[in-house]
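Below is one structure, written out as structure tokens; comments come after it.
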Amino acid sequence: MPRGLTRRLPTLLAATALVGVLAATGCADESAAVRVGDRTLSDQDLMDEVGYIYDNTALWDLIDQQNRAPAGTAQDSLRGDTEHSFSQDFVAGVLQQRVTFMLVDELFEQEGGEVTSQHRDTAEQVQNRQFGSAFAEFPESYQNQLIDEYARLVSLQETLGDEEFNEKILELIDTTDVEISSRYGTWDADAFRSAPDQLAVVPPAGPGSGG
94 MPRGLTRRLP TLLAATALVG VLAATGCADE SAAVRVGDRT LSDQDLMDEV
144 GYIYDNTALW DLIDQQNRAP AGTAQDSLRG DTEHSFSQDF VAGVLQQRVT
194 FMLVDELFEQ EGGEVTSQHR DTAEQVQNRQ FGSAFAEFPE SYQNQLIDEY
244 ARLVSLQETL GDEEFNEKIL ELIDTTDVEI SSRYGTWDAD AFRSAPDQLA
294 VVPPAGPGSG G
């Protein structure tokens, strides 16, 4: 992974380590889970991604092997209180990663970035190095999505360099409206700006609507 990305861009492994108390999420539908500027992510797309991560047994084996998850955490602890629901913190971690990618996509568009086959090759190498055999366990469409997203990051870092890239991302955090559906909580831009490896999506105080 290019230098500087590990702090500015939370990885899936970091997101899945943000597991806390169990609380049910709401059922997925086509309403917006989050709006980042003019970009939106539907509930369905968010919950699809949550499912891809949850269902990847090889990924959880890797997390266990690397002791990346909190002590006593098991895959089943990511489930919520009702069927087809997940813990609020688990969903919040995935949602935070999605907000980060959406901010990067906004910067990529602003900079008129271009992705080459070399950028994609580098991005694929990053994914395979990060996830090992677990990467191949994701659906092919999700593998391609992650490669495309990281390829845009690689392109931006190559063009801007680490320092300017981080400066521009910080500017976007300050100037871009991020609106999260109340079922998932609220967005703490100050927390993300100061410590992007920590959870900046603040889950609701109580359980969400039933699944």
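Residue numbering for the sequence shown follows our numbering, starting at 94 and increasing by one per position.
Idealized CB from N, CA, C, for every residue including glycine.
Return helix, strand or coil for residue i, following the three-state DSSP convention.
{"i": "residue 341", "result": "Missing from the structure shown is residue 341; the chain here goes from 94 to 304 and no further."}
{"i": "residue 295", "result": "strand"}
{"i": "residue 124", "result": "coil"}
{"i": "residue 208", "result": "coil"}
{"i": "residue 116", "result": "Unreliable placement is indicated for residue 116, whose pLDDT of 34 sits below 50; the coordinate value is still reported in the next sentence. Coil, per DSSP."}
{"i": "residue 100", "result": "Residue confidence is low: residue 100 scores 43 on pLDDT, short of 50, so the model does not pin down where it sits. No coordinate-derived value is stated."}
{"i": "residue 111", "result": "In this prediction, residue 111 scores a pLDDT of 38, lower than 50, which makes its location untrustworthy; the coordinate-derived value is nonetheless stated afterwards. If DSSP states are grouped into helix, strand and coil, residue 111 belongs with coil."}
Is the beta carbon of residue i less than 8 Å from the beta carbon of residue j?
{"i": "residue 282", "j": "residue 295", "result": "no"}
{"i": "residue 230", "j": "residue 152", "result": "yes"}
{"i": "residue 147", "j": "residue 232", "result": "no"}
{"i": "residue 214", "j": "residue 132", "result": "no"}
{"i": "residue 129", "j": "residue 184", "result": "no"}
{"i": "residue 42", "j": "residue 274", "result": "Lying outside 94 to 304, the shown extent of the chain, residue 42 is not represented and no answer is given."}
{"i": "residue 262", "j": "residue 285", "result": "no"}
{"i": "residue 196", "j": "residue 269", "result": "yes"}
{"i": "residue 228", "j": "residue 218", "result": "no"}
{"i": "residue 194", "j": "residue 142", "result": "no"}
{"i": "residue 293", "j": "residue 280", "result": "yes"}
Relative to the C-alpha of residue i, which residue among the options is closest?
{"i": "residue 188", "options": "217, 287, 286 and 278", "result": "278"}
{"i": "residue 238", "options": "216, 269 and 253", "result": "216"}
{"i": "residue 276", "options": "240, 264, 158 and 181", "result": "181"}
{"i": "residue 240", "options": "254, 255, 256 and 212", "result": "212"}
{"i": "residue 257", "options": "297, 140, 200 and 143", "result": "200"}
{"i": "residue 210", "options": "179, 235 and 248", "result": "248"}
{"i": "residue 246", "options": "179, 291, 202 and 124", "result": "202"}
Tell me which residue opens and which closes the alpha helix (DSSP H) that residue i is part of.
{"i": "residue 185", "result": "181 to 203"}
{"i": "residue 288", "result": "Segment: none, residue 288 is in no alpha helix (DSSP H) and carries neither H nor E."}
{"i": "residue 277", "result": "Counting along the chain, residue 277 falls outside any alpha helix (DSSP H), and DSSP gives it neither H nor E."}
{"i": "residue 346", "result": "Missing from the structure shown is residue 346; the chain here goes from 94 to 304 and no further."}
For the beta strand (DSSP E) that contains residue i, what are its first and last residues?
{"i": "residue 226", "result": "That residue, residue 226, is in no beta strand (DSSP E); it is neither H nor E in DSSP."}
Open item on the list: For the pair the stretch 136 to 143 and the stretch 201 to 216, tell me if three or more CB-CB distances fall below 8 Å.
Closed with: Contact check between the stretch 136 to 143 and the stretch 201 to 216: fewer than three CB pairs, one atom from each, fall below 8 Å, which does not count as touching.
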